[in-house]
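Sequences listed follow chains A and B, in order. In terms of numbering that gives the first Met the number 0, the first sequence has 260 at position 261, counting the first letter as 1, and numbering is strictly consecutive. In terms of numbering that gives the first Met the number 0, the second sequence has 179 at position 180, counting the first letter as 1, and numbering is strictly consecutive. Built from N, CA and C at the ideal position, the CB exists for glycine as well. Beneath this line is the structure, given in structure tokens, with notes to follow.
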Amino acid sequence: MEITINRKPLDKVTESENEGRQAVHSIKLEQANTTEELPAVFKINELNLWYGQDHALKDIQFTIPEKQVTAIIGPSGCGKSTFIKTLNRMVEMVPSVRMSGEILYRGRNIFDSKYNVEELRTEVGMVFQRPNPFPKSIYENIAYGPKIHGIKNKKVLDEVVEKSLRQAAIWDEVKDRLHENAVGLSGGQQQRLCIARCLAVEPDVILMDEPTSALDPISTLKVEELIQELKKNYSIVIVTHNMQQAARISDKTAFFLNGEVIEFRDTGTLFSTPSDKRTEDYITGRFG
Amino acid sequence: MVVRENFQTQLDDLKNSIVELGKLAEKALRDSIQVLNFQDFDLALEIIENDQRINHLEEEINDTAILLIAKQAPVASDLRKIISAIKISSDVERMADFAVNIAKSTIRIGKTERIKPLEEIAIMADLAIQMLSDAITAYYNEDVVLAKRLADIDDQVDEMYGKTIHELLTIMTKNTELVPQITQLSFICRYIERTADHATNIAESVIYLVKGKRYGLNE
Numbered sequence: 000m001e002i003t004i005n006r007k008p009l010d011k012v013t014e015s016e017n018e019g020r021q022a023v024h025s026i027k028l029e030q031a032n033t034t035e036e037l038p039a040v041f042k043i044n045e046l047n048l049w050y051g052q053d054h055a056l057k058d059i060q061f062t063i064p065e066k067q068v069t070a071i072i073g074p075s076g077c078g079k080s081t082f083i084k085t086l087n088r089m090v091e092m093v094p095s096v097r098m099s100g101e102i103l104y105r106g107r108n109i110f111d112s113k114y115n116v117e118e119l120r121t122e123v124g125m126v127f128q129r130p131n132p133f134p135k136s137i138y139e140n141i142a143y144g145p146k147i148h149g150i151k152n153k154k155v156l157d158e159v160v161e162k163s164l165r166q167a168a169i170w171d172e173v174k175d176r177l178h179e180n181a182v183g184l185s186g187g188q189q190q191r192l193c194i195a196r197c198l199a200v201e202p203d204v205i206l207m208d209e210p211t212s213a214l215d216p217i218s219t220l221k222v223e224e225l226i227q228e229l230k231k232n233y234s235i236v237i238v239t240h241n242m243q244q245a246a247r248i249s250d251k252t253a254f255f256l257n258g259e260v261i262e263f264r265d266t267g268t269l270f271s272t273p274s275d276k277r278t279e280d281y282i283t284g285r286f287g
Numbered sequence: 000m001v002v003r004e005n006f007q008t009q010l011d012d013l014k015n016s017i018v019e020l021g022k023l024a025e026k027a028l029r030d031s032i033q034v035l036n037f038q039d040f041d042l043a044l045e046i047i048e049n050d051q052r053i054n055h056l057e058e059e060i061n062d063t064a065i066l067l068i069a070k071q072a073p074v075a076s077d078l079r080k081i082i083s084a085i086k087i088s089s090d091v092e093r094m095a096d097f098a099v100n101i102a103k104s105t106i107r108i109g110k111t112e113r114i115k116p117l118e119e120i121a122i123m124a125d126l127a128i129q130m131l132s133d134a135i136t137a138y139y140n141e142d143v144v145l146a147k148r149l150a151d152i153d154d155q156v157d158e159m160y161g162k163t164i165h166e167l168l169t170i171m172t173k174n175t176e177l178v179p180q181i182t183q184l185s186f187i188c189r190y191i192e193r194t195a196d197h198a199t200n201i202a203e204s205v206i207y208l209v210k211g212k213r214y215g216l217n218e
């Protein structure tokens, strides 16, 4: 039997002409992409920063939401650590620094000459890459901040120490050795102790500069779990080299490159459908 | 040095396996229509036997994809490439199953004189097979325009399916002795129509792969 095929010629369909069929449900994550509805802890407006002649941060502009984890990612030297250090004005300790623009913390410009830096750093605590406990007892490490803030009552201090250590998920491990030297703790425990020390002065925001890069995988996961727990009560900004960590624990992610924010959006969207080719290249490891 | 060259090679291999799977399924479908047209039962048995190879290749593709997810922690377009490979291989494997179904239905009909609408079925089958071929081409080239065009061919197949079934049922009411043959032919029409639907699914996966957005081409 002879079969004749009469295929109807297809109309030339261009992509745009065919738009009628499309976007039945373009990914729901898009809706979560704006931070506008969430209260802001920091609003960064046209922030520029120079180390001498070196233009390290360029027109940074975004908003850090309250009670969320905001991750800052990017290759070495992209300005992410510099950026996080501007949020509590620690960057000013570098002599050659110049800045322009503003950072509003809860609506007040932190660069205002009347702004009290100590007050800012009480509200905006920081945890560093390497655990840096004081060479004192576990108890003294936690009680140090509250004591400086004038708390002398032993009972109140005991309560603060226990509460802080509990919040940092290390209480059970240290409750029987509170008066031993903190230097004897493991690296992962030391880092959680430093987080507890930060919590003891009841901050509003916690800045974390690569808090797990010196820790083993299990300690890293414990700190990550802790961060998830802490965001119920605190706003967290974390700089991390570990992209999977940013993907696992953050709500928002900012991708920095050469001192600029290339993309800032909902973490789920950034890691599934980034909108900028440079973000895509970085997160998929196709850089360079 | 290209960063992640090894991973990129594995992704390319995965893509090539999908293309191979598509070619095998396309051949199975073309053969099944040969079987239908020429009552070639030896070829029918060959299709049934060859389906094992297609099933194995689909399993291999899935295993590779799972290993890549576990070992490479893919994100963004890398992740979409792997997820698309899993979904597309599943669609293609199902299409090859339809070729087997058509071969089996033809054996059930046996060596009898065929009724008229057979030519319509062959045209419909040709459209569906072309859709598979186009879908795989669109996948290989990440060609969104070609992928979207498949929705239009699918509409044609659906229309032909409706008409052919209606014609078959009309013949059946007048010739009750043809009930067994027409039942099988109706099944075959259904298999072809479903083949076209799976090609459209592949087109949707291609668009998701390229754009990261879902499009309902089957609606």
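As the crow flies, the alpha-carbon of Leu126 of chain B is around 10 Å from that of Met159 of chain B. The shortest CA-to-CA distance from Lys162 of chain B to any of B:Lys147, B:Thr111, B:Ala24, B:Met123 is the one to B:Met123.
Proximity of Thr283 of chain A to chain B, defined by a Cβ-Cβ separation below 8 Å, is satisfied. Residue range 259-265 is occupied by the beta strand (DSSP E) that includes Glu262 of chain A. Around Asn140 of chain A, the same chain offers Pro132, Phe133, Ala181, Leu192, Arg196 as residues with beta carbons nearer than 7 Å, after the five sequence neighbours per side are excluded. Ile191 of chain B places its beta carbon 8 Å or farther from that of Ile135 of chain B. The beta carbon of Thr199 of chain B sits closer than 7 Å to the beta carbons of Leu149, Ala150, Asp153, Leu216, Asn217 from its chain, once the five residues preceding and following it are set aside; these are given in chain order. Taking CB atoms only, Ser76 of chain B has a neighbour in chain A less than 8 Å away. Rounded to the nearest whole angstrom, the C-alpha separation of Trp170 of chain A and Ala84 of chain B is 47 Å. Using a CB distance cut-off of 8 Å, Arg93 of chain B does not count as an interface residue toward chain A. Taking 8 Å as the cut-off, the Cβ atoms of Val160 of chain A and Tyr143 of chain A do not count as close. Taking a C-beta distance under 8 Å as the contact criterion, Ser218 of chain A and Glu179 of chain A do not qualify as a contact pair. Contact of Arg3 of chain B with chain A by beta-carbon distance below 7 Å involves Gly284, Arg285. Using beta-carbon distances, Glu279 of chain A counts as an interface residue toward chain B, with a partner under 8 Å.
The C-beta separation of Lys57 of chain A from Asn44 of chain A comes to about 13 Å, leaving the pair out of contact by the 8 Å criterion. If you ignore the 5 residues before and after Gly100 of chain A, its C-beta comes within less than 7 Å of the C-beta of Asn44, Glu45, Leu46, Asn47, all in its own chain and listed in chain order.
Bridge pairing for Val236 of chain A: A:Thr69, A:Leu206 [DSSP].
Contacts between Phe41 of chain A and chain B, judged by CB atoms closer than 9 Å, are missing: the closest CB pair is about 27 Å apart. Distance from the CA atom of Ala72 of chain B to the CA atom of Leu225 of chain A, rounded to whole angstroms, is 23 Å. Contacts between Ser271 of chain A and chain B, judged by CB atoms closer than 9 Å, involve Val74, Ala75, Leu78, Arg79, Gly211 in chain order. The beta carbon of Val260 of chain A sits closer than 8 Å to the beta carbons of Ile59, Gln60, Phe61, Ala253, Phe254 from its chain, once the five residues preceding and following it are set aside; these are given in chain order. Counting the other CB atoms within 10 Å of its CB gives Leu10 of chain B a total of 16 or more, which places it among the buried residues. For Ala246 of chain A, a Cβ of chain B is located within less than 8 Å of the residue's own Cβ. In this structure Ile282 of chain A is in contact with Val74 of chain B, their Cβ atoms being roughly 5 Å apart against a cut-off of 8 Å. In this structure, Val143 of chain B lies away from Val91 of chain B, with their beta-carbon atoms at least 8 Å apart. Going by DSSP, Tyr143 of chain A is part of no beta strand (DSSP E) but of the alpha helix (DSSP H) stretching over 137-147. For Ser234 of chain A against Ile63 of chain A, the beta-carbon gap comes to about 7 Å, under 8 Å, which counts as contact. For Glu101 of chain A, the enclosing beta strand (DSSP E) has its first and last residue at 96-104. Tyr190 of chain B: member of the alpha helix (DSSP H) spanning 178-210, first to last residue. Sixteen is the threshold: when 16 or more other Cβ atoms of the shown chains lie within 10 Å of the Cβ of Phe263 of chain A, as they do, the residue is buried. The stretch 88-99 of chain A and the stretch 264-282 of chain A do not touch, with fewer than 3 CB-CB distances between them shorter than 8 Å. Counting the other CB atoms within 10 Å of its CB gives Arg107 of chain A a total below 16, which places it among the exposed residues. Close partners of Gln243 of chain A in chain B (Cβ separation under 7 Å): Ala72. The Cβ atoms of Ser88 of chain B and Ile17 of chain B sit closer than 8 Å to each other. With a cutoff of 8 Å on beta-carbon distance, Ser31 of chain B and Ala98 of chain B are scored as near each other.
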